[in-house]
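S.K.:
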Amino acid sequence: MASWVGSISIGAAVCGIALSWWLKQPIITACSAPGTALLVALFPGIPVSDAIGAYVVAGACIFTLGMSGLLDPIVKRIPQEIACGMMVGILF
């Protein structure tokens, strides 16, 4: 479990630093705290291969939606105050 959480944290840090350096702006590649909390609660009953597969499928879905631009019109309609409140809720 410790190596799984450590890998997620180190991977997010390396990707964030590399993208920030390359694009010359702050980039956050993952907010893994909620996912890690869910993973810790569910991991004893799920095989490692299933957990890895879920991460890969979720990543592919997020990448596809981001590249397609389908969510842009929806996200632009969310008021900034609500978006900030959602972010506070995630971080809290």
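Residue numbers 6 to 97, in this note's numbering, belong to the letters of the sequence shown in order.
Built from N, CA and C at the ideal position, the CB exists for glycine as well.
Keep in mind the model is a prediction, meaning the values are calculated, not measured.
Going by DSSP in three states, Pro49 sits in which element: helix, strand or coil?
M.R.: helix
S.K.: Taking C-beta to C-beta, are Ile33 and Gly21 nearer than 7 Å?
M.R.: Yes.
S.K.: Under the three-state reduction of DSSP, which class applies to Gly83: helix, strand or coil?
M.R.: Before going further, note that residue 83 is Ile rather than Gly in the sequence given. The answer is coil: DSSP assigns Ile83 none of H, G, I, E or B.
S.K.: DSSP three-state call for Leu76: helix, strand or coil?
M.R.: coil
S.K.: Give the DSSP-derived three-state secondary structure of Phe97 in the structure shown.
M.R.: coil
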